[in-house]
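In the order they appear, the protein sequences are chains A and B.
Count the first sequence with the working numbering and you get residues 1 to 324, in order.
Count the second sequence with the working numbering and you get residues 325 to 713, in order.
Think of the CB as a built atom: it goes at the ideal place given N, C-alpha and C, for glycine as much as any other residue.
None of these values were measured; they are calculated from a predicted model.
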Amino acid sequence: MPVNMKQLINLVEKEDWPFTQGHRLCPGCNAPMVAKWATMTAKALGYEPVVGAATGCLEVSTTIYPFTSWNIPYIHNAFENVAATISGAEAAYRSLLNRGRVKTDKPIKFIAFGGDGGTYDIGLQALSGAVERGHDFLYILYDNEGYMNTGNQRSGSTPPGADATTEPIGSEKAGKVQFKKNIVEIIGAHENVYAATAVTSDPFDFMAKVEKGLNHKGPAFIAVLAPCVRFWRIPESTGPQITKLAMETKYWPVYEIDRGVYKITRKPRNFKPIEEYIRSVGRFRKALQHPEYKEIIAEMQRYVDTRWERLLKLEEVTKDLYLR
Amino acid sequence: MPTRLAVTGAAAVAHAMRQINPDVVAAYPITPQTPIVEYFAGFVADGIVDTVMVPVESEHSAMSAVVGSAAAGARTMTATAANGLALMFEVVYIAASMRLPIVMPIVNRALSGPINIHGDHSDAYSVRDAGWIQLFCENSQEAYDMTIIATKLAEREEVLTPAMVNLDGFITSHGVEGVDLLDDEVVRDFVGIWEPKYPLLDVDNPITHGPLDLFDYYFEHHRQQQEGLKNAYKALPEVFAEYEKISGRKYDFLDLYRMEDAEYVMIVMNSAASTAKYVVDELREQGIKAGLVKPWVFTPFPKKELLEALEGRKAIMVLDRAMSFGKEAPLYSLIKSALYEAKDRPMIGSYVYGLGGRDVTPTMLKVPFEDALKGDLDPNEERYLGLKE
């Protein structure tokens with residue numbers, strides 16, 4: 001039974017918020033929406049969510065001792081190890097369940113949150129290990145394309161042309177030149193996994209994927225494009241709007257890889273040129289002033305078009321061919 | 325009926341783990357710890373224990389997973405050595421600060437570089453300030469006993485501090501000896517079931533574990549960790565006494581060997597103590613009043629007991645199986661600092677031996693005694709046993 005608006009309204013009316021107000025994330029930050037929607041979906045489905053978080057904005061802003069924004073069990077360990085930490089908790093759950101020592105009758109579901117630094121980069125090994133071992137957990141990546149907690153340093157997710165303090169655009173160098181790492185396909189290639197992308201402009205698509213991920217027996221992964229309004233240099237009210245544009249320009253295609261089967265879950269009717277996206281995000285401003293900007297944009301356009309074509313073909317050829 | 329087995333130290337530890345039957349074991353293989361994990365995996369595969377085993381992809385994830393598991397409320401163990409411990413390092417501190425009673429046998433091995441897979445204590449010393457209880461074992465029997473003792477101690481509510489059980493790489497881990505095993509039920513009753521107060525899986529009483537702890541509380545939490553170790557110091561004699569009741573084997577902070585009237589005292593940890601005891605016996609036959617102190621407990625450091633044992637002796641020779649570059653050797657500096665409070669300070673000397681698994685012979689261990697007998701001990705000189713120069 002898919003989660004519906006009525007269930008969510010019920011939760012809101014009961015003020016049964018798994019993730020509450022009072023956190024200290026920046027106004028306009030998209031990470032708390034992701035945390036709230038995911039945990040509410042779990043609750044609405046009748047699960048007891050247990051959450052792990054990697055070091056990052058979401059962690060430091062919601063658990064400043066002695067305060068906490070989490071009304072559900074929560075654990076933070078370090079930057080790179082949330083997948084390993086939650087896999088230990090999940091193993092403990094299996095063991096204690098087997099030994100009759102778990103106090104709740106409701107099924108517990110484990111959700112791990114990580115930013116792009118802790119997922120694409122330093123935490124990739126732990127995540128890969130946990131997925132390979134087949135732990136039953138949902139990993140949610142809120143991807144703001146940089147180490148924003150520490151002040152806009154580049155990550156493996158930072159796109160070319162974006163201004164980052166550890167790879168700035170200077171007179172001799174056009175900032176970061178590499179494209180983003182394709183994290184969803186890396187995780188999807190583990191085969192025993194449900195992997196998907198989502199955008200903050202489409203909560204229902206995201207929540208449907210959270211539901212799929214939670215119901216999937218084994219590891220699940222959702223990468224949500226979640227702008228950092230501060231370092232993306234965008235107005236506070238425009239985060240979701242920007243992710244919608246990212247989807248419409250093919251910059252961030254919204255799709256899933258369910259045990260090897262590709263499916264594009266949102267197909268915009270009319271695509272917009274990538275330049276429209278780049279012009280609307282302030283972190284690309286310097287790149288637009290760069291003498292080579294036209295080539296950079298042309299290269300990005302070629303890339304996103306090709307990737308979209310590739311996704312369409314993958315969707316066709318993998319249809320119903322579940323690997324595991 | 326208690327059984328006597330001829331097994332390696334690694335197998336002895338694995339048997340202790342089998343009898344404890346922890347809820348979760350997450351581990352990664354590393355020489356010379358690997359056989360512990362292998363033996364235990366065998367017990368799991370054969371259904372002898374119903375522990376959930378998590379064969380992680382690295383030691384960093386091993387320590388991370390045991391933190392998740394122990395926080396969830398499960399009795400959790402792992403094991404490691406040298407570079408594996410180094411990879412865990414970050415999370416070793418976190419485990420202690422989260423007050424999780426994880427038990428971790430460490431098969432002591434030289435810490436690279438250069439790479440070396442043999443026994444020394446540089447790994448254990450590298451985490452001496454991480455906030456773990458650190459026990460040291462001379463042989464397989466002690467490694468077996470201490471694994472059980474550590475489990476009981478770490479989980480006491482006033483302690484709630486993780487514990488490491490150190491045994492020497494290859495010498496103890498791979499050497500076969502006779503080991504007396506307790507009955508399975510006796511061990512099971514001794515360790516009981518750990519009932520944590522604030523498990524992560526208590527969904528009706530949700531708790532935030534591992535929050536951000538800024539300057540307004542971090543200090544207080546470290547102070548609480550210190551209290552945990554002070555309480556461990558108080559609890560140790562009780563736990564040792566309880567263990568003596570079930571096993572007949574007596575442990576203490578220090579193993580005092582022929583110390584009643586000893587004038588020349590060697591201090592050494594782990595397996596080299598066996599060789600040192602042999603040397604002490606030889607010297608005693610020659611009428612020399614030699615003695616040996618072997619700390620079983622390194623953290624909490626038994627300063628009071630050491631002072632009592634060492635005060636008024638003629639000479640103390642401290643042996644370290646590790647260096648502290650640019651400073652005095654780790655055990656030596658602690659012993660020397662303890663003796664500051666002695667009314668009657670003995671002569672003292674520092675000896676480094678056996679690095680990277682170099683053989684430790686009786687001839688070698690006689691040297692510090694010979695130096696002491698000649699009155700040739702210099703508190704400011706680090707001397708090396710068996711070094712090719």
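Continuous beta strand (DSSP E) stretch holding residue i: start and end
i, result
"B:R707", "E706 to L709"
"A:H336", "The requested residue 336 of chain A is not part of the displayed model; chain A covers only 1 to 324."
"B:D644", "A639 to D644"
"B:M377", "V376 to P379"
Residue nearest to residue i in terms of C-alpha spacing, selected from the options
i, options, result
"A:E276", "A:G213, A:K181, A:M300 and A:D258", "A:M300"
"A:P374", "A:T265, A:R283 and A:M40", "Given that chain A is displayed from residue 1 to residue 324, the structure contains no residue 374 of chain A and the question cannot be resolved."
"B:F364", "B:V617, B:A340 and B:T355", "B:A340"
"B:V621", "B:A405, B:E462, B:S450 and B:A351", "B:E462"
"B:Y449", "B:V378, B:A395, B:T623 and B:I360", "B:T623"
"A:K181", "A:G156, A:S87 and A:V82", "A:G156"
"A:K212", "A:T238, A:D258 and A:G175", "A:D258"
"B:R573", "B:Y522, B:M583 and B:V503", "B:V503"
"A:I234", "A:A195, A:R279, A:E256 and A:N192", "A:R279"
"B:G710", "B:K698, B:D700 and B:T685", "B:T685"
"B:G516", "B:A556, B:Y542 and B:A474", "B:A474"
"B:K451", "B:V415, B:M470 and B:E466", "Note that residue 451 of chain B is Val in the sequence shown here, rather than Lys. Of the candidates B:V415, B:M470 and B:E466, the one whose C-alpha sits nearest the C-alpha of B:V451 is B:V415."
"B:G455", "B:G552, B:Y352, B:Y541 and B:D447", "B:G552"
"B:A696", "B:G678, B:L655, B:D668 and B:A614", "B:A614"
"A:E90", "B:F367, B:I426, B:V331 and B:A396", "B:A396"
"B:A405", "B:S436, B:L524, B:V331 and B:S595", "B:S436"
"B:L679", "B:T327, B:D447 and B:G371", "B:D447"
"B:F367", "B:V349, B:I672 and B:D605", "B:V349"
"B:G699", "B:K638, B:G371 and B:G681", "B:K638"
Range of the contiguous alpha helix (DSSP H) that encloses residue i
i, result
"A:Q178", "Counting along the chain, A:Q178 falls outside any alpha helix (DSSP H), and DSSP gives it neither H nor E."
"A:K294", "Y293 to V317"
"B:K690", "P686 to L697"
"A:A83", "V82 to N98"
"B:Y581", "Looking at the DSSP string, B:Y581 is not in any alpha helix (DSSP H); the run it does join, the beta strand (DSSP E), is L578 to Y581."
"A:L58", "C57 to T62"
"B:G366", "T358 to A369"
"A:L214", "P203 to N215"
"B:A596", "A596 to E609"
"B:S657", "P654 to A662"
"A:T243", "G239 to E248"
"B:M341", "G333 to I344"
"A:F221", "First-last for A:F221: A220 to L225, but that is the beta strand (DSSP E), not the alpha helix (DSSP H)."
Neighbour flag for residue i against chain A, beta carbons, 8 angstroms
i, result
"B:P353", "no"
"B:T532", "yes"
"B:D347", "yes"
"B:V427", "no"
"B:E509", "no"
"B:L536", "yes"
Closer than 8 angstroms to chain B by CB, residue i
i, result
"A:K103", "yes"
"A:E59", "yes"
"A:I122", "no"
"A:T63", "yes"
"A:V131", "no"
"A:S95", "yes"
"A:Q21", "no"
"A:A84", "yes"
"A:G114", "no"
"A:E191", "no"
Pair within 8 angstroms by beta-carbon distance, residue i and residue j
i, j, result
"A:A92", "B:D702", "no"
"A:G175", "A:A287", "yes"
"A:G123", "A:Y147", "no"
"A:L97", "A:C57", "no"
"B:V391", "B:A419", "yes"
"B:L663", "B:L634", "yes"
"B:I354", "B:N432", "no"
"A:E172", "A:T104", "no"
Residues bridged to residue i (per DSSP)
i, result
"B:R328", "B:D504"
"B:A413", "The residue you asked about is not Ala; residue 413 of chain B is Phe in the sequence shown. For B:F413, which the question treats as bridged, DSSP gives no partner whatsoever."
"B:N724", "The displayed coordinates of chain B run from 325 to 713. Any statement about residue 724 of chain B would go beyond what the structure contains."
"B:G615", "B:V589"
"B:H533", "A:I75"
"A:G355", "Nothing about residue 355 of chain A can be reported from this structure: the residues present for chain A run from 1 to 324 only."
"A:I169", "A:A174"
Subject >> Residues of the stretch 362 to 392 of chain B whose Cβ lies closer than 9 angstroms to any Cβ of chain E, in chain order >> reply: Any reference to chain E falls outside this structure, whose protein chains are A and B.
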